[in-house]
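Asker: Handing you this structure, nothing more for now.
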Amino acid sequence: MLMVLSQPAASSRPRRPKFLSGAVGGSLSVRCHHDPQGSYEAKYLCRWKAASCSLLVDLDGFVHESYEGRIRIASSDEEKGTYTVVMGPLREDDAGWYWCGARSGHTEHTSAVKLRKLGGLHPSVQFPWPLLRLCRGCKL
1 MLMVLSQPAA SSRPRRPKFL SGAVGGSLSV RCHHDPQGSY EAKYLCRWKA ASCSLLVDLD
61 GFVHESYEGR IRIASSDEEK GTYTVVMGPL REDDAGWYWC GARSGHTEHT SAVKLRKLGG
121 LHPSVQFPWP LLRLCRGCKL
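In this text, residue positions in the sequence shown follow the UniProt record's numbering: the first is 1, and each later residue adds one.
Spelled out as structure tokens, the structure:
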């Protein structure tokens, strides 16, 4: 299934995009927002390219074949009006524009997300306590 949304009029384009970055091989999560009081037939993430938006994943379980195993909707909170999309492992060609969307009747409510150019693999370390000092060969 390929869902293509036509380019909206300039006045209906999302006004304040989110900017995200990630490392090739890593993952990222996108929190999408919608009006919690609204009634929507579909909530989704699509990839904006060449004046159209190709559906990648939706809350009904659809996943675009080229993203199988790399994208999913991890959670949805109707009371807060959010759903979270997790994507990874990331590839260089994942950089670009995405739209979070919610469809109500013939109206698409969208917000833009730009995944900035992805660099090489960047390892990260997370500590469960505050890091005060880190050194090699020093006396603590």
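We put the beta carbon where it would ideally sit given N, CA and C, even for glycine.
Expressed to the nearest angstrom, what Euclidean distance is found between the alpha-carbon atoms of L56 and S76?
Answerer: Translated into positions along the sequence shown, residue 56 becomes position 56. Translated into positions along the sequence shown, residue 76 becomes position 76. The alpha-carbon atoms of L56 and S76 are separated by roughly 17 Å.
Asker: If we call anything under 7 Å between Cβ atoms a contact, is T110 one with S29?
Answerer: The residue given as residue 110 occupies position 110 in the sequence shown. The residue given as residue 29 occupies position 29 in the sequence shown. No.
Asker: Taking S76 as part of the beta strand (DSSP E), name the residues at either end of that continuous run.
Answerer: Residue 76 sits at position 76 when you count from the first residue of the sequence shown. Its beta strand (DSSP E) spans residues I71 to D77.
Asker: Who are the Cβ neighbours of W48 in its own chain at under 6 Å, not counting the five residues just before and after it?
Answerer: The residue labelled residue 48 in the question sits at position 48 within the sequence shown. Only W97 and W99 meet the Cβ criterion.
Asker: Going along the chain, which residues of its own chain have a beta-carbon closer than 8 Å to the beta-carbon of L59, five neighbours each way excluded?
Answerer: Along the sequence shown, one-based indexing puts residue 59 at 59. A42, K43, Y44, I73, S76 and Y83, listed in sequence order.
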